[in-house]
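Chains as they are written, first to last, in full-length UniProt numbering: chain A, 1 to 382; chain B, 1 to 382; chain C, 1 to 382; chain D, 1 to 382.
Note that beta-carbon positions come from the ideal geometry of N, C-alpha and C, so glycine has one too.
Computed from a predicted model, the values in this text were never measured in an experiment.
Okay, so here's the structure we're looking at.
There are 4 protein chains.
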Amino acid sequence: MTKKKELRIGLIGCGFMGRTHSNGYLRVGNFFPELTYQPVLKAVCSRTENKAQAFAGQWGYQSVETDWKSMIARDDIDAIDICTPNDKHAEIAIAAAAAGKMILCEKPLARTLDESRGMVDAIEKAGVANTVWYNYRRIPAVTLAKQIIDSGKLGRIFHYRANFLQDWTINANLPQGGEGLWRMDADVAGSGVVGDLLSHCIDTAIWLNGSIKNVSGMTETFVKERMHQLTGKVEKVNIDDACAFMCRFNNGSLGLFESTRYARGHKALYTFEINGENASIRWDLHDLNRLEYFDNADASTLRGWRSIHVTDGDQPYMDKWWVPGLGIGYEHSFVHQVADFLRSLETGTPCSPTFREALETQQVCQAVLDSAASGTWKNTNA
Amino acid sequence: MTKKKELRIGLIGCGFMGRTHSNGYLRVGNFFPELTYQPVLKAVCSRTENKAQAFAGQWGYQSVETDWKSMIARDDIDAIDICTPNDKHAEIAIAAAAAGKMILCEKPLARTLDESRGMVDAIEKAGVANTVWYNYRRIPAVTLAKQIIDSGKLGRIFHYRANFLQDWTINANLPQGGEGLWRMDADVAGSGVVGDLLSHCIDTAIWLNGSIKNVSGMTETFVKERMHQLTGKVEKVNIDDACAFMCRFNNGSLGLFESTRYARGHKALYTFEINGENASIRWDLHDLNRLEYFDNADASTLRGWRSIHVTDGDQPYMDKWWVPGLGIGYEHSFVHQVADFLRSLETGTPCSPTFREALETQQVCQAVLDSAASGTWKNTNA
Amino acid sequence: MTKKKELRIGLIGCGFMGRTHSNGYLRVGNFFPELTYQPVLKAVCSRTENKAQAFAGQWGYQSVETDWKSMIARDDIDAIDICTPNDKHAEIAIAAAAAGKMILCEKPLARTLDESRGMVDAIEKAGVANTVWYNYRRIPAVTLAKQIIDSGKLGRIFHYRANFLQDWTINANLPQGGEGLWRMDADVAGSGVVGDLLSHCIDTAIWLNGSIKNVSGMTETFVKERMHQLTGKVEKVNIDDACAFMCRFNNGSLGLFESTRYARGHKALYTFEINGENASIRWDLHDLNRLEYFDNADASTLRGWRSIHVTDGDQPYMDKWWVPGLGIGYEHSFVHQVADFLRSLETGTPCSPTFREALETQQVCQAVLDSAASGTWKNTNA
Amino acid sequence: MTKKKELRIGLIGCGFMGRTHSNGYLRVGNFFPELTYQPVLKAVCSRTENKAQAFAGQWGYQSVETDWKSMIARDDIDAIDICTPNDKHAEIAIAAAAAGKMILCEKPLARTLDESRGMVDAIEKAGVANTVWYNYRRIPAVTLAKQIIDSGKLGRIFHYRANFLQDWTINANLPQGGEGLWRMDADVAGSGVVGDLLSHCIDTAIWLNGSIKNVSGMTETFVKERMHQLTGKVEKVNIDDACAFMCRFNNGSLGLFESTRYARGHKALYTFEINGENASIRWDLHDLNRLEYFDNADASTLRGWRSIHVTDGDQPYMDKWWVPGLGIGYEHSFVHQVADFLRSLETGTPCSPTFREALETQQVCQAVLDSAASGTWKNTNA
């Protein structure tokens with residue numbers, strides 16, 4: 001067996017996303033043995049040393065850092081993986097780019113469009129390999145949707161709709177901010193469901209259906225005040241608990257998006273549907289191995305939505321896993337993204353979505369928030 | 001408008017089935033205006049005059065009888081509809097045939113195979129038009145299944161499986177026998193779920209997949225004793241509460257059937273599935289307007305079970321009702337059977353299933369019960 | 001049996017809705033025998049005499065009219081049922097009210113808010129019994145949703161979302177206007193999917209979740225020109241093919257609505273979902289006998305959306321039909337509305353939705369169209 | 001961090017199951033960090049050295065063997081994992097036990113009941129830790145089913161039914177025997193779907209519902225002859241392509257099982273349902289993160305099957321993975337079994353199913369095959 005090239009990873013942040021990415025690095029070699037590159041878990045960084053040590057032990061990182069600047073300064077690290085809360089993304093990415101590191105950044109790119117622009121400028125100036133972890137593109141059923149659309153089977157597109165519904169913040173006694181809850185602190189997260197959930201929906205939508213021209217949005221904060229974990233005081237909640245928006249795509253189709261953390265009964269219901277002249281597609285994260293597909297070319301009395309169990313070897317990524325009928329899970333989307341990033345290093349083709357591509361999602365997010373604030377339609381300038 | 005020919009109906013029995021049939025007679029003219037014949041509700045018969053009067057008032061019968069023999073003796077009645085408990089089917093049918101009446105008989109044909117044979121002999125000797133109310137054949141999705149199979153799309157058939165699951169008799173305090181509960185009295189009903197529920201499954205199966213060669217059955221009576229409504233005493237329960245059987249069809253396929261009144265959570269779950277070399281079909285009474293269909297000829301990455309909402313004008317019977325997407329209900333199967341019976345009078349083609357055809361279902365039922373009693377396989381002699 | 005009071009019906013228009021209403025009048029006595037009133041099909045009116053005669057023959061109307069004014073002038077008619085295209089609703093309703101007739105009017109009330117106001121004024125001045133056929137309220141699963149909400153089980157409401165998706169006008173060769181296609185002619189229909197489909201969603205929403213305060217809408221006409229059946233010329237299409245809107249309800253919850261005739265694969269997918277603090281509900285017309293219900297009070301490891309098959313005798317209207325597990329269809333909602341209208345005559349309580357209540361739906365529709373035209377939020381003034 | 005104790009694994013066989021087990025060993029430390037033991041991939045054995053080398057490279061085994069006897073003879077291996085075709089299970093297990101190795105054996109235990117008995121005797125005499133890879137028990141939804149049943153919520157059990165349906169051998173041109181196809185060679189596999197698929201259903205059933213008393217089975221071989229890969233000749237097919245059986249459990253409930261490789265449209269549809277007096281449960285491998293649950297104690301108008309998305313931290317194993325709503329896949333069941341095996345080494349409690357427990361499944365399999373051959377009911381003697 002030929003020796004693999006090492007891709008030495010420095011992971012910053014060891015929360016939920018630190019785990020999903022680490023799992024991706026560890027699994028990719030087992031399931032994508034043909035790849036030239038092999039990730040090596042060189043170091044993990046957390047401000048709390050105990051936490052970094054525990055994480056390193058559990059996941060096999062060779063060393064720990066407590067200051068991300070030290071991590072970036074290390075010669076034995078090729079790629080920086082940014083898994084911090086959103087407020088650190090820009091600073092770290094810009095410094096890492098300046099240090100010539102490859103960058104894999106959790107979504108959303110940053111808290112604001114302005115921060116994001118600075119990151120893209122820095123990355124492109126540095127010319128380093130980069131990708132943003134909009135992982136849902138690489139769930140096989142979603143990738144299959146992309147292939148179907150690219151094949152032209154849908155014809156002219158009329159409608160795109162997507163939801164991302166959760167219910168975990170309904171309890172008014174849930175505090176905001178701090179450990180485990182930074183997503184509820186606007187200073188850290190930048191926004192609420194817009195950056196956290198709608199950004200996923202927008203990334204997928206642009207990928208599948210092209211750019212969004214303009215939007216009209218609405219946001220709401222249902223629980224106005226919550227105890228802040230860091231200050232111990234009841235403070236105003238500044239994030240959006242829920243957001244819906246209508247939009248027009250450049251291809252003339254209409255879009256409708258909604259996200260909330262107040263949809264009782266939905267833990268993480270990410271669904272999308274796209275209606276074309278000749279065929280339609282829909283997908284649901286709660287049943288992630290399936291794609292539903294309606295083809296108007298089927299004989300008229302026998303037409304119906306097809307429930308495609310995307311577990312066959314000729315379906316995207318599925319030749320790497322088990323046998324037909326045996327599903328995979330959420331985490332595999334990250335394994336696939338690692339694989340595609342490694343392959344991009346071989347081929348020199350960027351690993352989508354790049355920072356540049358993810359910037360467009362930020363433009364839409366910003367336009368949605370601006371529209372909600374002003375009550376008027378906003379162009380995305382995308 | 002041409003004047004219609006009258007088909008003067010005499011209905012015997014005014015329970016649940018009396019209602020579904022009456023509704024069929026009343027509705028058929030509105031939805032099948034092209035038919036030459038129009039049912040006229042001439043008389044309804046019940047041993048209890050008050051009950052007959054109330055029923056006649058509610059459904060528009062012109063007169064009442066309290067003795068079915070008087071009904072049969074009337075000159076102004078063309079067709080006798082038998083909706084009594086099973087123990088009266090044979091006697092009434094044989095007498096009605098002798099009187100030259102057309103006969104529409106509720107299923108199962110009778111309590112036993114022997115009784116059924118006598119009925120078929122009488123009917124065929126009399127040469128009168130006849131049909132048995134195995135209504136599920138005429139749910140549009142089921143009729144579509146028949147059309148798909150007849151078109152040859154399934155290829156060689158390997159498997160047939162059907163369930164009819166209910167849960168209404170689980171409570172051990174439910175009495176047996178008498179008003180509303182004759183289905184639990186073996187003397188009246190002949191059997192439990194075999195005649196009541198499995199007979200439906202068997203009728204559909206034979207229609208769709210041909211004759212059944214031999215069977216191996218199992219029955220159980222979970223609650224051994226119940227208070228009898230007529231005697232007021234706790235008595236042994238003689239019906240089968242549950243029955244399963246395996247079988248081989250003449251075409252070489254395997255069958256698996258199950259019925260019970262002890263499947264908590266299922267009110268009336270009648271499902272069937274048929275697997276062929278090239279395609280498969282399944283249906284579920286709880287969602288009766290849909291047919292699921294899998295076609296192996298679909299492109300390999302896009303194959304999946306199709307959920308066909310059988311509400312389009314080019315699907316069976318559906319040009320008679322509303323517009324695509326708007327479902328119909330259980331009762332419509334009876335309207336369809338009335339329509340097909342009336343049409344059979346125009347064309348002279350028998351209205352399936354005839355008594356002769358329903359006899360085959362009785363043969364299978366008997367073989368199942370015999371097999372369960374003996375613990376051995378039994379030929380159906382069909 | 002006590003003799004029933006007659007409610008002598010004069011039906012104007014004999015298209016699709018003329019059929020559903022007639023069926024309602026004919027069936028109600030069989031299934032709601034306790035009612036004091038019995039509809040009598042006195043006359044049907046169509047400008048084309050042949051058509052009226054054929055309809056009368058098929059449905060049992062005693063006479064025909066070709067001028068609706070003659071119908072209104074008749075002494076032997078108690079109630080006028082308006083099933084014409086939308087452009088005649090106002091004129092007929094106002095005249096009928098002036099003549100002291102009860103009025104049952106197809107939805108939407110009229111083409112515009114202004115027309116609708118005139119109708120309500122006339123009706124209320126006349127003080128006649130009235131109702132508008134927003135039939136979906138009376139599908140048992142939908143009525144059950146109302147009961148659950150009224151019981152307080154949902155707690156504070158956060159979200160309401162509804163879709164009404166069809167696909168029948170995608171073909172650009174489909175002509176507009178005239179026989180069978182007046183819904184595509186803005187002069188006759190007033191609007192496209194807003195009045196035809198969204199009005200249903202809005203009526204249900206207001207009934208379940210209270211008044212809508214303000215809206216932001218978007219409309220689109222995908223096929224800009226079609227041949228007009230009446231002129232034979234290719235003309236501009238003036239209806240909205242698709243419409244989405246966001247809104248805020250008076251109770252603080254957010255709403256999201258969408259309707260289109262360009263959602264390939266959906267024949268008549270009317271769905272709604274309502275998310276409350278403690279429980280959620282959703283419903284889908286394609287599977288109309290079911291209600292899905294999530295109750296957060298269920299034990300945490302055993303919580304899940306419940307699929308309620310609304311066919312039990314203790315569920316709304318279902319004591320009138322068959323036995324548990326056996327579903328009913330679309331048409332039954334009209335039978336229920338007839339029954340409720342007849343009962344309202346007994347009790348003197350109005351049969352909801354009255355013209356006054358339906359006016360609020362018109363206010364929302366108008367605000368949506370105005371918002372779509374202006375690109376700004378609009379108050380409904382409801 | 002405390003240093004972990006090593007459990008040095010020797011894997012015999014590197015096909016599909018070699019992969020799933022290896023993945024289990026590699027993942028367990030990341031997700032179950034609290035365990036004292038850590039698997040170490042010491043050696044993998046295949047008769048073909050190239051294959052062993054490639055597998056070792058891909059999965060990180062430290063060394064390779066080409067003779068399983070050499071593997072068993074090694075001092076640096078604690079546990080033998082048997083992933084060979086079925087015909088080697090007995091010989092290897094008996095030798096490994098004699099050598100004092102722990103044993104993890106793929107299912108079914110062996111080709112025949114006799115072989116299995118010999119294995120159990122040897123294992124128990126040696127007193128070594130052991131387990132059999134009936135992995136489906138450890139899919140969280142299935143484990144939750146076990147917890148619900150053990151809690152007594154179902155009450156008296158009436159029915160158990162299970163299916164395992166595939167369609168991959170329908171093509172008559174598919175050869176039998178040899179590489180990748182040993183499951184179709186009765187000499188190697190022992191049986192067809194009985195050992196391969198029904199054994200899973202039986203293991204789960206016994207675990208959930210207790211011992212099976214007697215059975216009546218039916219088997220079929222639809223394609224009678226196939227080209228044998230090893231001989232190059234068309235030979236008689238000796239496996240069962242399909243098998244159904246009825247049974248009685250010791251607790252008085254009825255069972256119905258079916259398995260086939262000829263159910264067009266089903267890749268790996270493993271479903272089971274259990275109906276109790278008070279509640280029912282069902283599960284489907286194609287949607288493996290869900291459990292359906294019906295509780296008759298729910299309010300009568302609000303009762304329905306609950307669709308439980310088993311992804312919450314208080315549900316079995318799910319505190320180890322991601323966040324609510326994010327599903328896991330098929331392979332995780334093996335990670336869980338590894339974790340439970342490691343824990344059993346800490347606690348001294350056997351890791352179910354042990355060889356002894358798996359023997360009972362063999363008894364049922366044998367009785368089914370014997371019954372199918374004789375056409376009579378057979379006791380399982382379990």
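DSSP-derived helix/strand/coil call for residue i
i                : result
Ala297 (chain B) : coil
Gln62 (chain C)  : coil
Lys125 (chain D) : helix
Glu179 (chain A) : coil
Ser280 (chain D) : strand
Lys69 (chain A)  : helix
His159 (chain A) : strand
Thr84 (chain C)  : coil
Given residue i as reference, the closest of the options once Cα atoms are compared
i                : options                                   : result
Ala126 (chain D) : D:Ser374, D:Ile94, D:Ile281 and D:Gln53   : D:Ile94
Asp81 (chain A)  : A:Pro39, A:Ala54 and A:Gly57              : A:Pro39
Phe222 (chain D) : D:Leu230, D:Lys267 and D:Ile170           : D:Ile170
Glu258 (chain D) : D:Tyr160, D:Glu106 and D:Arg138           : D:Tyr160
Asn275 (chain A) : A:Ile206, A:Ile157, A:Leu359 and A:Leu285 : A:Ile157
Thr48 (chain D)  : D:Ala268, D:Ile12 and D:Glu331            : D:Ile12
Asp167 (chain C) : C:Ala145, C:Ile149 and C:Leu197           : C:Leu197
Gly220 (chain A) : A:Gln229, A:Ser191 and A:Glu235           : Strictly speaking, residue 220 (chain A) in this sequence is Glu, with Gly absent from that position. Glu220 (chain A) has its Cα closest to that of A:Ser191, out of A:Gln229, A:Ser191 and A:Glu235.
Thr143 (chain C) : C:Lys153, C:Gly155, C:Leu208 and C:Leu254 : C:Leu208
Lys267 (chain B) : D:Gly304, D:Tyr25 and D:Asp287            : D:Gly304
Range of the contiguous beta strand (DSSP E) that encloses residue i
i                : result
Gly255 (chain C) : Leu254 to Thr260
Ser218 (chain C) : It should be pointed out that residue 218 (chain C) corresponds to Met in this sequence rather than to Ser. Segment Ile212 to Glu220, the beta strand (DSSP E) holding Met218 (chain C).
Gly13 (chain D)  : No beta strand (DSSP E) contains Gly13 (chain D), which DSSP labels as neither H nor E.
Trp305 (chain A) : Trp305 to His309
Val194 (chain C) : Here Val194 (chain C) belongs to no beta strand (DSSP E), and DSSP marks it neither H nor E.
Terminal residues of the alpha helix (DSSP H) in which residue i lies
i                : result
Thr143 (chain C) : Pro140 to Asp150
Cys45 (chain B)  : Careful: Cys45 (chain B) lies outside any alpha helix (DSSP H), inside the beta strand (DSSP E) at Tyr37 to Cys45.
Interface partners of residue i on chain C, CB under 9 Å
i                : result
Phe158 (chain B) : In chain order: nothing, as chain C lies at least about 29 Å away.
Contact set between residue i and chain D, taken where Cβ atoms lie within less than 8 Å
i                : result
Met218 (chain B) : Ser216, Met246, Arg248 and Leu254
Per-residue contacts from residue i into chain B (C-beta, under 9 Å)
i                : result
Ser307 (chain A) : Glu292, Gly304, Trp305, Arg306 and Ser307
Neighbouring residues, chain B, relative to residue i (Cβ below 7 Å)
i                : result
Asp314 (chain A) : Ser300 and Thr301
Which residues of the segment 244 to 267 of chain D have a Cβ closer than 7 Å to any Cβ of chain B? Give them in chain order.
Ala244, Met246, Leu254, Leu256, Glu258, Thr260, Tyr262, Ala263, Arg264 and Gly265
Within 9 Å of chain C by C-beta, residues of the segment 282 to 303 of chain D in sequence order
Arg290, Leu291, Glu292, Tyr293, Phe294, Asp295, Asp298, Ser300, Thr301, Leu302 and Arg303
Proximal residues, the segment 119 to 146 of chain A versus chain B, C-beta separation under 8 Å:
Leu144
Near-chain B residues of the segment 38 to 68 of chain C - C-beta to any C-beta below 7 Å:
Gly57, Gln58 and Trp59
Select from the segment 319 to 330 of chain C all residues with a C-beta closer than 8 Å to any C-beta belonging to chain B, and list them in chain order.
Trp321, Trp322, Val323, Pro324, Gly325, Leu326, Gly327, Ile328, Gly329 and Tyr330
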